[in-house]
Structure formats: structure tokens, C-alpha cells
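S.K.: There's a structure below that I have some questions on.
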Amino acid sequence: MAKSKNNMAKSIITINPFRYIHSLSKSSANSSPKSLLFTPRKTSSASRNHQSLCSLSYLYLYFLFALTFFTIFEASNVTSFKPITDHYSIPLPCSSSSPYSISFSSSRSTLMVSSNEKNEDNTVRLSSSVVVPLPAHGVPSSSNVTEEEREFWKQPNGGGYKPCLEFSIDYRRLSKDIVKEKTRFLVVVASGGLNQQRNQIVDAVVLARILKASLVIPILKVNLIWGDESEFSDIFDVEHFKRTLQADVRVVSSLPSTHIIARQLPEAKIPHGVSPVWIRSRFFKQLNEEGVLVLKGLDSKLSKNLPPDLQKLRCKVAFHALKFAAPVLELGNRLARRMWIEGPYVAVHLRLEKDVWIRTGCRTGLGSKFDDIIVKERESRPEFLTGRLNMSATQRRLAGLCPLNAHEVARLLKGLGAPRSALVYSAGGEPFGGKLALQPLTTEFPNLMTKEMLAREGELSPFMNRSSALAAIDYIVSLSSDVFLASHGGNMGSAMQGHRAYVGHRKYVKPNKRKMIPYFDQETSISDSHEEFSGVMRYLHRGLQGQPLSRNNKRGRDVIAYPVPECMCRR
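Structure follows, in C-alpha cells:
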């Protein structure tokens, strides 16, 4: 793959009165450029009045400066004078930035990084902490590109939506006491894969806020399937996490000596979809008495329909606070740059791992030999089956409950207009069946890459047997892709859907499996005619390619996947 060009690593620093853009990038032979540009949010009338007063103050100061200068000039009879100014250090006392609000727009030099720029109170500016991808390449302009291909690479209309995390006055007022809390502590144990853990960490912060408790850095449970013993600090930047949430909850690295758990606390049982009122009534008294509350198994337990301020907090945690640890972020950025520099690419999250076939109760598409292996393991470990027990494998597939295999993903990409020459990044774990499982996809799209293929010798060595870190690298490379497609929804698909929306509604294809699978199975001319099949696929996915979708349209949608309207608004 071609190396990044030197001119991509130039620093950009621009200063405007009262509202400024600050971007700093450094690069070396083995690192990617890091820069972030943002546009401040629109100011309120109070802020505008404040800035107007500041403007008058500046004019008054400049007038005094000029008067003094000319007085000295005449007194000393100086014949020439060349002022030296350092615009990088100009003070901006009238900046209207706030740890409670954000509005930004990405630029063409943006790489997936998050800056540690801080406000005077040491909180990280949200506009500089958001994790953003490399810019989209846009529609190819070559005359050899077909109309279908242009449509495939075309980004959706974002409808003018931009991030807007503006918390209410009541939220800010309550924060003054909550961030100083030192008597109540919440300990959360997060389980599952990377994106399942991310969801539970998001909920842990919200629960700490609801209970007005300090949050101990979440504990990552050892993953029994992948044997991953990673800790929070191995995957995420702990200090960035603390600073970003400094205005919302108090986050500590460990329990103080006065709250050491001397006995085994009972595991709290939480039903699905509980409200803040339920949480407070169930745990607040216990937390006051014990001083420590330990919660496990938080996945999908907290309601998706929370008050607006708590929904904004969820977005703040997911898109700002959960920055990956430096080693993971640096390698992910490096691999993303190696893909991006070659041109537009599509990232596909393939769920072809052995445990996925066991849990879903679906056929692998690799033949009876491989299907029999899955059936035997499923029968020996029936607790792994998460699919509907009363449905056959065929019924599950027709209901859209099965992952798309490599052959089906290839057909869908072709149907949507992806050219054979398209660069494809395959995200996900080791597929069951190895190269045989990927063969249908590599046959149709020979320019298929994985992190193992992109990485140079030794680059992935520190992350071997660490599935969460490897999944984080996939996440970074996938976020910078021009088009993203998930073969089986799930936590990664939902996280990528929301994050791509939050950074500008990057194209995200959500396979309409229930309606498209019958066309894959039809033994009619439509399955053999590319034009007819392509027309059907594009029609079925016309509203499922990253366009703004409101969470309010369907109750129970997760704000992390649907950030409109609580976390994004029209500016």
C-alpha cells in the first residue's frame, strides 16, 4: 500500500477574534497526522451581548495602545518601527466555550483523534475531544465511473444536523454537588466484547449520575469466549475519560481506603428497561447505608427512553469520553491512513466467527461439514443459543435474524453499485472456515484487506490474544471508511451507525435482510439479471444508507445509534 504523503502532516493554526480554530498535527515515518478543526456553536443572545461588550473593550484597549504608541513615537523621534506580535499567544478572554455544549464540523485534514485541549477549569472542550474520522473522498469524477458506482460512493444528505450537547440549567446546577461526591461509590463490572462493554460503560456513567455517586473506573470482566484479560486502561484513555466527564460525575481510579469492600456484596438484579425513578428507589438507600454499590450485567438494563439531559450524557460518554488508549489509537490511525490514501473504501463488519454461528442458530453457508460442527457444539452448550428456540435455521434466516455470509455480502455490495475494483476492509474476528469462508467475497472484490494484511511486521504483536484491542482497531479503520456495512447489526453495527451519524452522517448501509433474502433465494431471472437485481437492492435500501433518522420515530431506539434529536440538531 502507498505511504502517507508528507504534506498531509502540516500543522494548521488559525486565530479569529473571540472564536478560533486550533489544530495541531505531528507526524513521523510511523505515525499518522493528528489534527482537529471545529466550528463553535451558535451563541445565545446573552453570549452575543457579552461578546459585544468584549469587542468594545478591545476597541478601547486598542485606542489607548495607539495613543500611547504615538506619544512615545513623537517623544523619542523614532523614524521607523516594526512591531513584533505572536498571534499564537493572543489571550481570548471572551471565548464562549463551555464544558456543557458542543458544535463542530470536520475538515479535509481531519484524522480520527481526540485532542486534550482544556478549558480553564481543566475540563476537556467537547469540540476538541470528539473522535472523528478521516474525511470522505467524495464521488469519483472519472468518466469511466458508472452512475451506479457514483451513487454507491455518494454520501447521504445530513439535513443540516450537527452535534449540540447543551445541558439544561437544572443539570448544571445539580452538577456542582454531584462532582464533589465522596461518600457514595458505584462499582460496575462490564462484560462481553468491546462494543458491549462500551454500552455498559455508558450506562455506568448515567447510573452514577442518577444515584449522585462517584464512579470507580469500570472493571472489564475476563471474556470466557476469547480469553481476553484486558483492563480498562488497556483499551481506553483513563485520564481523558475522567477529564471529559469532570463536569458531570466524579470518576476515581479505585475505592478509597474508607470504602474497601470487606465482604462479598450481593449482585444486584436489574430487569430490562428500568427508569431513573426505579434506579433511585431501588438503590439510593442501600448506597447511602453501604457507601458502595456493585452492579454487574448492565447490558440493556437501563431504559433507552431517558430525560433529554441523560440522553446527552450518553452521547458525551460514547462519542467524547471513550477515547481509545494511545497504543490502540495510534495503530488504528496508521492502518486507516494506509487504506484511505489509496482512495475511497468500504468497510464490512463480517460476523462469521464460530461463536456467532453457535449463538444465532443459523447455517454457515459453507456446507454440511461445517454446519454439523456448529450443531454439535450448540447441542453441548445450549445456553449459548440466543436466537429464538422455536424457530428452525431456515425460519431464522427468512426472518432476518441470521448474519449475512460472505457470498450474500458480495451480492449485496454488487447490487448497490460497488465496483469490482473497490477497496474493501474486512472487520471482525477470525471467520469460521478460514479463507474458505471469505472466498466468495474475495472472488468478487479482490482488493479486500484485513488489519493483519495492512499491518507491518510486529505492529499487531502487542495486541495478540487481546480481542477488545483488535476490535478497537477495526472500529477506528471502519469509522474512516467512505461506506460501512454490517452483516449482522449487533453492538458494533449500532455503535458505528450512531458514531458515523454524529460526525456528519457518513454513509452506513443497514441491510434489509428480511426483505432482501427472498430475492437471493428465488430461482427466477431476477437472481441472474444484474440490472434487475441491482434495482431491487437499491430500492430496498433507499432509506437505509446513513440518512438522518430520528430516535423519536420509534420508541425504544438507543440514542447512541440514533443521536437525532437529543444529541444533534439543525444549526
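All the letters of the sequence shown, read from the start, carry residue numbers 32 to 602 under the working numbering.
C-beta atoms are modelled at their ideal positions from N, C-alpha and C, and glycine is treated no differently.
1. On the DSSP letters alone, give me the boundaries of the beta strand (DSSP E) that Met599 sits inside.
2. Are there three or more Cβ pairs, one per stretch, closer than 8 Å when the region 301–319 is compared with the region 270–281?
3. Check whether the region 188–205 and the region 320–336 are in contact - that is, three or more C-beta pairs closer than 8 Å.
4. If you run the structure through DSSP and keep just helix, strand and coil, what is Lys211?
5. How far does the beta strand (DSSP E) with Tyr593 in it extend, from its first residue to its last?
6. Taking buried to mean at least 16 other C-beta atoms within 10 Å of its own C-beta, is Arg428 buried or exposed?
7. Please report the distance separating the alpha-carbon of Asn188 from that of Gln578.
8. Leaving out five residues on either side along the sequence, give the residues of the same chain with a beta carbon under 6 Å from the beta carbon of Ser245.
9. In terms of alpha-carbon separation, which member of Ala592, Val540, Leu360 and Gly535 lies closest to Gln576?
10. Give the straight-line distance between the Cα atoms of Ser66 and Lys273, rounded to the nearest whole angstrom.
11. How would you label Ser261, buried or exposed, when you count the other beta carbons within 10 angstroms and need 16 or more for buried?
12. Is it the case that the Cβ atoms of Leu329 and Gln231 are separated by a distance below 7 Å?
13. Quick check on this structure: which residue in Glu563, Ala503, Asp552 and Phe515 has the alpha carbon closest to the alpha carbon of Arg355?
14. Which residue's Cα is closest to the Cα of His519: Thr391, Ser581 and Asp208?
15. Have a look at Met568 and Met547 and give me their C-alpha separation to the nearest angstrom.
16. Quick check: the region 220–238 against the region 520–528, are there 3 or more CB pairs under 8 Å?
17. List the DSSP bridge partners of Ile250.
18. Note down, in chain order, each residue of its chain lying with its Cβ closer than 6 Å to the Cβ of Asp268, except the 5 sequence neighbours on either side.
19. Who are the near neighbours of Asp234 in its chain, counting only those whose CB is closer than 6 Å to its CB and skipping five residues on each side?
20. Should Gly374 and Glu179 be called a contact, given that it needs their Cβ atoms to be closer than 7 Å?
21. Three-state secondary structure (DSSP) at His380?
22. Express the C-alpha separation of Gly169 and Lys538 in angstroms, rounding to a whole number.
23. Would you kindly report the start and end of the unbroken beta strand (DSSP E) that includes Ala517?
24. Which residues bound the alpha helix (DSSP H) around Ala239?
M.R.: Short version:
1. Within the sequence shown, numbered from 1, the residue matching residue 599 stands at position 568. Taken as a continuous stretch (DSSP letters only), the beta strand (DSSP E) holding Met599 covers Met599 to Arg601.
2. Note that the region 301–319 does not touch the region 270–281; fewer than 3 beta-carbon pairs, one per stretch, sit closer than 8 Å.
3. no
4. Here residue 211 refers to the residue found at position 180 of the sequence shown. Three-state DSSP puts Lys211 in coil, outside helix and strand.
5. Translated into positions along the sequence shown, residue 593 becomes position 562. Premise fails: Tyr593 is in no beta strand (DSSP E) and is neither H nor E.
6. The sequence position of residue 428 within the sequence shown is 397, counting from 1. Arg428 is buried by the Cβ-count criterion.
7. Counting from one through the sequence shown, the residue named residue 188 turns up at place 157. Counting from one through the sequence shown, the residue named residue 578 turns up at place 547. So the alpha carbons of these two residues sit roughly 6 Å apart.
8. Numbered from its first residue, the sequence shown carries residue 245 at position 214. Taken in chain order, the residues that qualify are Glu212, Phe216, Arg281 and Val283.
9. Mapped onto the sequence shown, residue 576 falls at position 545. Taking only the C-alpha atoms, the option nearest Gln576 is Val540.
10. Position 35 of the sequence shown, counting from 1, holds the residue named residue 66. Position 242 of the sequence shown, counting from 1, holds the residue named residue 273. Unreliable positioning characterises Ser66 in this predicted model, as indicated by a pLDDT of 32, which lies under 50. A coordinate reading is not provided.
11. For the purposes of this step, residue 261 is taken as residue 230 along the sequence shown, with counting starting at 1. It counts as buried.
12. As a working mapping, residue 329 is identified with position 298 in the sequence shown. As a working mapping, residue 231 is identified with position 200 in the sequence shown. For Leu329 and Gln231, yes; Cβs fall inside 7 Å.
13. Here the question's residue 355 lines up with position 324 in the sequence shown. A small correction: the amino acid at residue 355 is Phe; Arg does not occupy that position in the sequence shown. Checked all of Glu563, Ala503, Asp552 and Phe515; the closest Cα to Phe355 is Ala503.
14. In the sequence shown, the residue the question calls residue 519 occupies position 488. Selected option, being the one with the closest Cα: Thr391.
15. Numbered from its first residue, the sequence shown carries residue 568 at position 537. Numbered from its first residue, the sequence shown carries residue 547 at position 516. In this structure, the CA atom of Met568 is about 7 Å from the CA atom of Met547.
16. yes
17. As a first step, residue 250 must be located in the sequence shown, where it is residue number 219. Bridge partners of Ile250: Val220.
18. Walking along the sequence shown from the start, residue 268 turns up at place 237. Here the set comprises Lys354 and Ala356.
19. Here residue 234 corresponds to residue number 203 of the sequence shown, with the count starting at 1. Same-chain partners within the cutoff: Leu329 and Leu333.
20. As a first step, residue 374 is located in the sequence shown; it is residue number 343 there, counting from the start. As a first step, residue 179 is located in the sequence shown; it is residue number 148 there, counting from the start. Taking 7 Å as the Cβ cut-off, Gly374 and Glu179 do not qualify as a contacting pair.
21. Indexing the sequence shown from 1 puts residue 380 at position 349. DSSP, reduced to helix, strand and coil, places His380 within a strand of the structure shown.
22. Translated into positions along the sequence shown, residue 538 becomes position 507. Translated into positions along the sequence shown, residue 169 becomes position 138. Cα to Cα, the separation comes out at about 11 Å.
23. One-based indexing of the sequence shown puts residue 517 at position 486. It spans Val514 to Ala517 - the beta strand (DSSP E) in which Ala517 sits, taken as one unbroken run.
24. Along the sequence shown, one-based indexing puts residue 239 at 208. Ala239 -> alpha helix (DSSP H) spans Leu225 to Ile241.
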